[in-house]
Amino acid sequence: MYGEVMIGINMIFNYTVLSFANAIGNAKISKKRLMVAALVGAIPAVTIPGSLLASMVAFILMTGCAFGFSVRLWKASAGLVLIGAFLAGGLLSALPFSSWGKDFQFRLLFCAILAYLSLQIVKAKWLDVRKISRFSEFSGHSKLQIFGSSIELTIFIDTGNNCTEPLSNDAVHFVSLRAVQSVIPEEVLECLRQSGDSRNALPDLSHFPTNFRKQLRLIRVQTVEGANWAVGIRFDEWELEGNRFLEKGYIVLTADDARYPHNASAILHVSALESKEQERGMLHAT
Numbered sequence: 040m041y042g043e044v045m046i047g048i049n050m051i052f053n054y055t056v057l058s059f060a061n062a063i064g065n066a067k068i069s070k071k072r073l074m075v076a077a078l079v080g081a082i083p084a085v086t087i088p089g090s091l092l093a094s095m096v097a098f099i100l101m102t103g104c105a106f107g108f109s110v111r112l113w114k115a116s117a118g119l120v121l122i123g124a125f126l127a128g129g130l131l132s133a134l135p136f137s138s139w140g141k142d143f144q145f146r147l148l149f150c151a152i153l154a155y156l157s158l159q160i161v162k163a164k165w166l167d168v169r170k171i172s173r174f175s176e177f178s179g180h181s182k183l184q185i186f187g188s189s190i191e192l193t194i195f196i197d198t199g200n201n202c203t204e205p206l207s208n209d210a211v212h213f214v215s216l217r218a219v220q221s222v223i224p225e226e227v228l229e230c231l232r233q234s235g236d237s238r239n240a241l242p243d244l245s246h247f248p249t250n251f252r253k254q255l256r257l258i259r260v261q262t263v264e265g266a267n268w269a270v271g272i273r274f275d276e277w278e279l280e281g282n283r284f285l286e287k288g289y290i291v292l293t294a295d296d297a298r299y300p301h302n303a304s305a306i307l308h309v310s311a312l313e314s315k316e317q318e319r320g321m322l323h324a325t
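First residue of the sequence shown? That's 40 in our numbering, and the numbers climb one at a time after it.
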């Protein structure tokens, strides 16, 4: 019975560091596979205690079963497993467990649980950092050309923005009216204000000046508050950082930009990610 208990406790330790490496490395390995790998690593470590060779074999088998035995995958995952083991081991060595008046098996089980909880906290903090880093890739500076003028805008690519122009299926981006008001002709602005005053009504493009109508389209916008129609304006050109250009599309001007993340002046369509990923040698947006 003692051997089974030791294997179980060792398995908890192994699963702790494997799940940590799985989350940090974004490997997406199933929990069942991690449990099997943890068991595979626990058996030789417990049956041959104190053997360096047995520990090395156990580590290789455990990480290989969890993440695969190809050299590239194994090197990446094994490093993260070691980091998790060092973090957990450093915490446990700093606490005076030997002075506790409980039996040895209880202390080992408590150590395993504490190691798991500590690595969960580290994992959560790391994922928050990675999320912030990832979101920073979605933001940047740009130069919008519209109505023959250009203006610099801070942009944010919204993965939830799938709005398109109904006929052409071109992407629709949302831009703060306040940020581009200086380059919008006054007669167009006046018509936009009039159409904005008619809540839930279909804007009448015939009210706009004739020379601008070819650049305008009706856009159906779906929000959490419901669906409504807005006036879309076709832009001339939109250059992002790195001399990358958006595909031709439309912008919808919004009066309220308080909800724009990262103090952006424009919320881009999700398709803008494709140009970012193509620049890195990939074919599709992530």
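The beta-carbon is built from N, C-alpha and C at its ideal position, and this holds for glycine as well.
Problem - Three-way DSSP call (helix, strand, coil) for residue 189 in this model - result: Walking along the sequence shown from the start, residue 189 turns up at place 150. Correct three-state label for residue 189: strand.
Practice task
Name the residue from 77, 49, 46 and 47 whose alpha carbon lies nearest to the alpha carbon of residue 61.
Solution key: For the purposes of this step, residue 61 is identified with residue 22 of the sequence shown, where counting begins at 1. Selected option, being the one with the closest Cα: 77.
Problem - Whether residue 231 touches residue 270 by CB criterion (8 Å) - result: Counting from 1 along the sequence shown, the entry for residue 231 is found at position 192. Counting from 1 along the sequence shown, the entry for residue 270 is found at position 231. Yes.
Problem - residue 244 to residue 256 span [Cα, whole Å] - result: Counting from one through the sequence shown, the residue named residue 244 turns up at place 205. Counting from one through the sequence shown, the residue named residue 256 turns up at place 217. Taking the straight line from one Cα to the other gives about 8 Å.
Exercise for the section: Go through its chain and collect everything with a Cβ distance to residue 85's Cβ below 8 Å, but skip five positions before and after it. Expected result: As a first step, residue 85 must be located in the sequence shown, where it is residue number 46. Closer than 8 Å at Cβ, skipping near neighbours: 42, 45, 46 and 49.
Exercise for the section: Report the option in 57, 227 and 241 whose CA atom is closest to the CA atom of residue 119. Expected result: Numbered from 1 along the sequence shown, position 80 holds the residue referred to as residue 119. The shortest C-alpha separation from residue 119 is found at 57.
Exercise for the section: Please confirm whether residue 310 and residue 210 have their CB atoms less than 8 Å apart. Expected result: Position 271 of the sequence shown, counting from 1, holds the residue named residue 310. Position 171 of the sequence shown, counting from 1, holds the residue named residue 210. In this structure, residue 210 lies closer than 8 Å to residue 310 by Cβ.
Exercise for the section: Have a look at residue 83 and residue 59 and give me their C-alpha separation to the nearest angstrom. Expected result: As a first step, residue 83 is located in the sequence shown; it is residue number 44 there, counting from the start. As a first step, residue 59 is located in the sequence shown; it is residue number 20 there, counting from the start. Residue 83 and residue 59: Cα-Cα distance of roughly 22 Å.
Exercise for the section: Provide the residue span of the alpha helix (DSSP H) that contains residue 72, from first to last. Expected result: Counted from its first residue, the sequence shown places residue 72 at position 33. Counting along the chain, the alpha helix (DSSP H) containing residue 72 begins and ends at 70-86.
Practice task
Consider the C-beta atom of residue 234 and the heavy atoms of the ligand ATP; say whether any pair is separated by less than 7 Å.
Solution key: The model depicted lacks the ligand ATP and carries no ligand whatsoever.
Exercise for the section: For residue 124, collect the residues of the same chain with a Cβ closer than 6 Å to its Cβ; drop the 5 residues on either side in sequence, then sort them by chain order. Expected result: Position 85 of the sequence shown, counted from the start, is the residue given in the question as residue 124. Here the set comprises 56.
Problem - 8 Å CB neighbourhood of residue 87 in its chain, flanking five on each side removed - result: Indexing the sequence shown from 1 puts residue 87 at position 48. So the list reads 93, once near-sequence residues are dropped.
Exercise for the section: Determine the burial state of residue 294: buried for a count of at least 16 other Cβ atoms within 10 Å of its Cβ, exposed for fewer. Expected result: Here residue 294 refers to the residue found at position 255 of the sequence shown. Per the 10 Å Cβ criterion, exposed.
Practice task
In angstroms with no decimal places, state the Cα-to-Cα distance between residue 229 and residue 249.
Solution key: Locating residue 229 in the sequence shown gives position 190, where the first residue counts as 1. Locating residue 249 in the sequence shown gives position 210, where the first residue counts as 1. Computed Cα separation, rounded: 14 Å.
Handout entry: Rounded C-alpha distance that separates residue 208 from residue 198
Key = As a working mapping, residue 208 is identified with position 169 in the sequence shown. As a working mapping, residue 198 is identified with position 159 in the sequence shown. Each residue's Cα considered, the two are about 17 Å apart.
Exercise for the section: Report the rounded CA-to-CA distance for residue 307 versus residue 104, giving the unit in angstroms. Expected result: In the sequence shown, counting from the first residue as 1, residue 307 sits at position 268. In the sequence shown, counting from the first residue as 1, residue 104 sits at position 65. Straight-line Cα distance between these residues: approximately 42 Å.
Problem - Spatial neighbours of residue 328 in its chain, beta-carbon cut-off 7 Å, leaving aside the 5 residues before and after - result: Any question about residue 328 goes unanswered here, given that the chain covers just 40 to 325.
Exercise for the section: Quick one: using the 10 Å Cβ neighbour count with 16 as the cut-off for buried, is residue 242 buried or exposed? Expected result: On the sequence shown, position 203 is the one that residue 242 refers to. So residue 242 ends up on the buried side.
Practice task
Pull up the DSSP beta-bridge partners for residue 261, would you.
Solution key: The count along the sequence shown starts at 1 and reaches residue 261 at position 222. Answer by DSSP bridge pairing, in chain order: 266.
Exercise for the section: Using beta-carbon positions only, say whether residue 300 and residue 195 come within less than 8 Å of one another. Expected result: One-based indexing of the sequence shown puts residue 300 at position 261. One-based indexing of the sequence shown puts residue 195 at position 156. Yes; because the gap between Cβ atoms is below 8 Å, this pair is in contact.
Handout entry: Coarse secondary structure for residue 278, derived from DSSP in three states
Key = Working through the sequence shown from its first residue, we reach residue 278 at position 239. DSSP places residue 278 in strand when its eight states are reduced to three.
Handout entry: Proximity winner among 191, 122 and 80, relative to residue 280 (alpha-carbon distances)
Key = Here residue 280 refers to the residue found at position 241 when the sequence shown is read from its first residue. Among 191, 122 and 80, the Cα nearest to that of residue 280 belongs to 191.
Handout entry: Spatial distance of residue 274 from residue 286 (CA atoms)
Key = Numbered from its first residue, the sequence shown carries residue 274 at position 235. Numbered from its first residue, the sequence shown carries residue 286 at position 247. Cα to Cα, the separation comes out at about 10 Å.
Exercise for the section: For residue 315, I'd like the list of residues in its chain whose CB is within less than 6 Å of its CB, leaving aside the five on either flank, ordered along the chain. Expected result: One-based indexing of the sequence shown puts residue 315 at position 276. With a pLDDT of 48 at residue 315, under the threshold of 50, the modelled position of this residue cannot be trusted; read the value that follows with caution. Answer for residue 315: no residue qualifies.
Handout entry: Distance CB(residue 219)-CB(residue 251) smaller than 8 Å
Key = Taking the sequence shown and counting its residues from 1, one reaches residue 219 at position 180. Taking the sequence shown and counting its residues from 1, one reaches residue 251 at position 212. Their beta carbons are not under 8 Å apart, which means residue 219 does not touch residue 251 by this criterion.
Practice task
May I ask which residues mark the beginning and end of the beta strand (DSSP E) holding residue 292?
Solution key: Sequence index remark: in the sequence shown, residue 292 carries index 253 (1-based). Per DSSP, residue 292 belongs to the beta strand (DSSP E) from 289-293.
Exercise for the section: Measure the C-alpha to C-alpha separation of residue 174 and residue 224 and round it to an integer number of angstroms. Expected result: Taking the first residue of the sequence shown as 1, we reach residue 174 at position 135. Taking the first residue of the sequence shown as 1, we reach residue 224 at position 185. Because the pLDDT at residue 174 is just 45, under 50, the model does not fix this residue reliably, and the value given afterwards should be weighed accordingly. So the alpha carbons of these two residues sit roughly 34 Å apart.
Handout entry: Burial state of residue 135, where buried means 16 or more other Cβ atoms lie within 10 Å
Key = Residue numbering aside, residue 135 sits at position 96 when the sequence shown is read from its first letter. With a pLDDT of only 49 at residue 135, under 50, the local geometry of the prediction cannot be trusted, and the value read off the model is given with reservation. Exposed, by the Cβ-count rule.
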